[in-house]
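Enquirer:
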Ligand code: ADP
Ligand code: MG
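In full-length UniProt numbering, the protein residues as written are 1 to 448.
1) Go through the segment 173-222 residue by residue and report every complete run of the beta strand (DSSP E) that reaches 3 residues or more, in order.
2) Return yes when the C-beta of residue 159 is under 6 Å from any heavy atom of the ligand MG, and no when it is not.
3) Apart from the five residues just before and just after residue 171, which ones in its own chain have a Cβ nearer than 7 Å to its Cβ?
4) Where does residue 6 sit, in a helix, a strand or coil, going by DSSP?
5) Using DSSP with H/G/I as helix, E/B as strand and the rest coil, what is residue 62?
6) Less than 6 Å between the CB of residue 70 and some heavy atom of the ligand MG, yes or no?
7) In angstroms, rounded to a whole number, what distance separates the CA positions of residue 303 and residue 147?
8) Mind checking which residues open and close the alpha helix (DSSP H) that includes residue 317?
9) Can you look up residue 237 in the DSSP assignment and give me helix, strand or coil?
10) Going by other Cβ atoms of all chains shown within 10 Å of its Cβ, with 16 needed for buried, is residue 434 buried or exposed?
11) Could you tell me which residues DSSP puts in a beta bridge with residue 43?
12) Just the Cα atoms here: how many angstroms apart are residue 157 and residue 382?
13) Ordered along the chain, which non-local residues of its own chain (more than five positions away) have a Cβ less than 6 Å from that of residue 211?
14) Check whether the Cβ of residue 36 lies closer than 6 Å to any heavy atom of the ligand ADP, and answer yes or no.
15) Would you identify the three-state DSSP class for residue 158, choosing helix, strand or coil?
16) Can you give the Cα-Cα distance for residue 346 and residue 395, rounded to whole angstroms?
17) For residue 86, write down the residues that DSSP places opposite it in a beta bridge.
18) Sorted by chain position, which residues of the same chain lie with C-beta nearer than 8 Å to residue 401's C-beta, five sequence neighbours on each side aside?
19) Here's the rule I'm using: 16 or more other beta-carbon atoms within 10 Å means buried, otherwise exposed. How should residue 230 be labelled?
20) To test your reading of the DSSP string, which unbroken beta strand (DSSP E) runs of 3 or more residues are found completely within the segment 309-388?
21) Would residue 374 be called buried (16 or more neighbouring beta carbons within 10 Å of its own) or exposed?
22) Taking C-beta to C-beta, are residue 386 and residue 319 nearer than 7 Å?
23) In the DSSP assignment, what residue or residues form a beta bridge with residue 441?
24) First and last residue of the alpha helix (DSSP H) that includes residue 449?
25) Under 6 Å: does the beta carbon of residue 66 sit that close to some heavy atom of the ligand ADP?
26) Ordered along the chain, which non-local residues of its own chain (more than five positions away) have a Cβ less than 8 Å from that of residue 335?
27) Determine whether the beta carbon atoms of residue 123 and residue 166 lie at a separation below 7 Å.
28) Bridge partners of residue 245, per DSSP?
29) Please report the distance separating the alpha-carbon of residue 436 from that of residue 288.
30) Looking at residue 45 and the ligand ADP, is the gap between the Cβ and the nearest heavy atom below 6 Å?
31) For residue 454, tell me which candidate among 268, 236, 296 and 136 has the shortest Cα-Cα distance.
32) Kindly indicate which three-state DSSP category residue 93 falls into: helix, strand or coil?
33) Using a 10 Å radius around the Cβ and a threshold of 16 neighbouring Cβ atoms, would you call residue 445 buried or exposed?
34) Looking at the structure shown, is residue 1 part of a helix, part of a strand, or coil, going by DSSP?
35) Quick check: what's the CA-CA separation for residue 62 versus residue 314?
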């Protein structure tokens, strides 16, 4: 729900931190565009993106999966070039990777045959630091990030959280000015992620990190509000910065604080707001990417929405809490229900349609039938698989056939994900069956 009461003036000044406008600029991204060739035509991924980072701030780049966040980060890291536009680092044009820019990824490719210490030293060796200094600096970084005692452990002996700490140590040991982080906590379980975020923020607020500013990419609204001083919201297709939201709260922040919740709600509404000129419900196309959303989640959301206290309408962050999901995990579920005609999403609310309410009241078998009708009507890929099976004399077709078609339109990963989703939904709806071992679609076991 749109919350107009997040205006900063109403907040207790003791909670606020001073703005960082006057501080020197570390990075500026100006009018950056980037396209990729796909299917003989250029697909625009980033469109006129402008970002300025100043000393002393943590800036969040918030956007949905596929919006171009990693692409922008790779441009800033100097790993790929923009199609047009400029990137300036410390006032100079960026050409290739800059020495003072370090990157932390979602999961780290640590060298399995090297110990923690050797893994951290490896980055320094690459830039020609001598052995003694290497050791001293690596030990300091390991100590700082809370890995002391694990110096001689091998990656396989470490938990996911500890491995990610090695990732941070590897980024910090080069003494970077700017640290880029690409969804650094999203591969970790909830508690580990929170511990790592808090540890990092403690080091940052105590001034113990050897960095001037941080740019963190995330698809998680709460994470952005928890960590950042400023949040840039990136739209999808193409990626544009559609909102810049200051987060005025001091650290440590309390997720349960009403002002914290209000800001999360507000950003949520901004992210679900329809863009000017966009249709209310974009129709799926044969090559549309489909999210990895399970039938259980979709049915669970419909049932919860239909019941008290929601009676068909809910504020998404609110119902996410009821379902014990992060609001960002609920996003694709609600959106898929919208595509299927079971719900409408707008301004951060999700509302059941008449079909959605009916589904909630149906028995298992009736649900399957209804779902199959909606799936065939609204998801062209499901209809296409059925048509191909109908047309073939033996009513069989291999997965590769559809996979190849999709790969012309999507990245390989997205094509695989999309096909896996449609297989799971089509099986539930008993539209077709699919044999995992042979990779063959058929009508076996499907009652008609
Ligand atoms: P995000 O990190 O926000 O999930 P990405 O930056 O990874 O998004 O990708 C944005 C879009 O650009 C996606 O549609 C993706 O398929 C496409 N893309 C990214 N890298 C490449 C590439 N090297 N070649 C072709 N398309 C790419
Ligand atoms: Mg990414």
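C-beta atoms are modelled at their ideal positions from N, C-alpha and C, and glycine is treated no differently.
In this text, all values refer to a predicted model and were calculated from it rather than measured experimentally.
Expert: The relevant details are as follows:
1) Inside the segment 173-222, DSSP marks whole beta strand (DSSP E) runs of 3 or more residues at positions 178-182 and 213-218, from first to last along the chain.
2) Position 159 of the chain shown holds residue 159. Shortest gap from the CB of residue 159 to any heavy atom of the ligand MG: 6 Å or more.
3) Within the chain shown, the letter at position 171 stands for residue 171. Taking C-beta separations shorter than 7 Å and ignoring five residues to either side along the sequence, the partners of residue 171 in its chain run 102, 103, 104 and 179, following chain order.
4) Indexing the chain shown from 1 puts residue 6 at position 6. Note that residue 6 scores 42 on pLDDT, short of 50, meaning its location in the model is unreliable; the coordinates nonetheless yield the value given after this. Looking at residue 6 - three-state DSSP - the assignment turns out to be helix.
5) Position 62 of the chain shown holds residue 62. In the structure shown, the three-state DSSP call for residue 62 is strand.
6) Numbered from its first residue, the chain shown carries residue 70 at position 70. Flag set: Cβ of residue 70 near the ligand MG.
7) Reading the chain shown from its first residue, position 303 is the one you call residue 303. Reading the chain shown from its first residue, position 147 is the one you call residue 147. One alpha carbon belongs to residue 303, the other to residue 147, and they sit about 45 Å apart.
8) Indexing the chain shown from 1 puts residue 317 at position 317. Residue 317 -> alpha helix (DSSP H) spans 316-322.
9) Taking the first residue of the chain shown as position 1, residue 237 is located at position 237. Looking at residue 237 - three-state DSSP - the assignment turns out to be coil, as it is neither helix nor strand.
10) Against the chain shown, residue 434 aligns to sequence position 434. Classification for residue 434: buried.
11) Here residue 43 refers to the residue found at position 43 when the chain shown is read from its first residue. Residue 43 is bridged to 36.
12) For the purposes of this step, residue 157 is taken as residue 157 along the chain shown, with counting starting at 1. For the purposes of this step, residue 382 is taken as residue 382 along the chain shown, with counting starting at 1. C-alpha separation (whole angstroms): 44 Å.
13) Within the chain shown, numbered from 1, the residue matching residue 211 stands at position 211. Within the same chain, 176 and 179 come within 6 Å of residue 211 by CB-CB distance, once the 5 residues on both sides are set aside.
14) Taking the chain shown and counting its residues from 1, the one referred to as residue 36 is at position 36. Checking every heavy atom of the ligand ADP against the Cβ of residue 36, one is found closer than 6 Å.
15) As a first step, residue 158 is located in the chain shown; it is residue number 158 there, counting from the start. The three-state secondary structure of residue 158, taken from DSSP, is coil.
16) By 1-based counting over the chain shown, the position of residue 346 is 346. By 1-based counting over the chain shown, the position of residue 395 is 395. One C-alpha to the other measures close to 41 Å.
17) Taking the chain shown and counting its residues from 1, one reaches residue 86 at position 86. Note: residue 86 sits in a beta bridge opposite 30.
18) Numbered from 1 along the chain shown, position 401 holds the residue referred to as residue 401. Excluding residues up to 5 positions away in sequence, 388 lie with their Cβ nearer than 8 Å to the Cβ of residue 401 in the same chain.
19) Taking the first residue of the chain shown as 1, we reach residue 230 at position 230. Its Cβ being crowded by 16 or more others within 10 Å, residue 230 is buried.
20) Fully enclosed beta strand (DSSP E) runs of 3 or longer: 313-315, 343-346 and 349-352.
21) As a working note, residue 374 is residue 374 in the chain shown. Here residue 374 is buried, its C-beta having at least 16 other C-beta atoms within 10 Å.
22) If you number the chain shown from 1, residue 386 lands on position 386. If you number the chain shown from 1, residue 319 lands on position 319. Not in contact: residue 386 and residue 319 (Cβ atoms no closer than 7 Å).
23) Here residue 441 refers to the residue found at position 441 when the chain shown is read from its first residue. Paired residue(s): 397 and 434.
24) For the chain, the structure presents residues 1 to 448; residue 449 sits outside this window and is missing.
25) Walking along the chain shown from the start, residue 66 turns up at place 66. Yes, the Cβ of residue 66 comes within 6 Å of a heavy atom of the ligand ADP.
26) Start at 1 with the first residue of the chain shown, and residue 335 comes out as number 335. Closer than 8 Å at the Cβ level, and outside the excluded window around residue 335, lie 291 and 345.
27) Within the chain shown, numbered from 1, the residue matching residue 123 stands at position 123. Within the chain shown, numbered from 1, the residue matching residue 166 stands at position 166. Their beta carbons are not under 7 Å apart, which means residue 123 does not touch residue 166 by this criterion.
28) Walking along the chain shown from the start, residue 245 turns up at place 245. Note: residue 245 sits in a beta bridge opposite 231.
29) Residue mapping note: residue 436 aligns to position 436 of the chain shown, counting from 1. Residue mapping note: residue 288 aligns to position 288 of the chain shown, counting from 1. Answer to the nearest angstrom: the Cα atoms are 23 Å apart.
30) Translated into the one-based positions of the chain shown, residue 45 becomes position 45. Remark: the C-beta of residue 45 is in contact range of the ligand ADP, defined as less than 6 Å to any heavy atom.
31) Nothing can be reported for residue 454, as the shown portion of the chain is limited to 1 through 448.
32) Numbered from 1 along the chain shown, position 93 holds the residue referred to as residue 93. In the structure shown, residue 93 adopts extended strand secondary structure according to DSSP, grouped into three states.
33) Taking the chain shown and counting its residues from 1, one reaches residue 445 at position 445. For residue 445, the number of other beta carbons within 10 angstroms of its own is below 16, and it is reported as exposed.
34) By 1-based counting over the chain shown, the position of residue 1 is 1. For residue 1, the pLDDT reaches just 42, beneath the cut-off of 50, and the residue's location in the model is therefore unreliable, although a value from the coordinates is still provided. Reduced to three states, the DSSP call for residue 1 is coil.
35) In the chain shown, counting from the first residue as 1, residue 62 sits at position 62. In the chain shown, counting from the first residue as 1, residue 314 sits at position 314. Taking the straight line from one Cα to the other gives about 23 Å.
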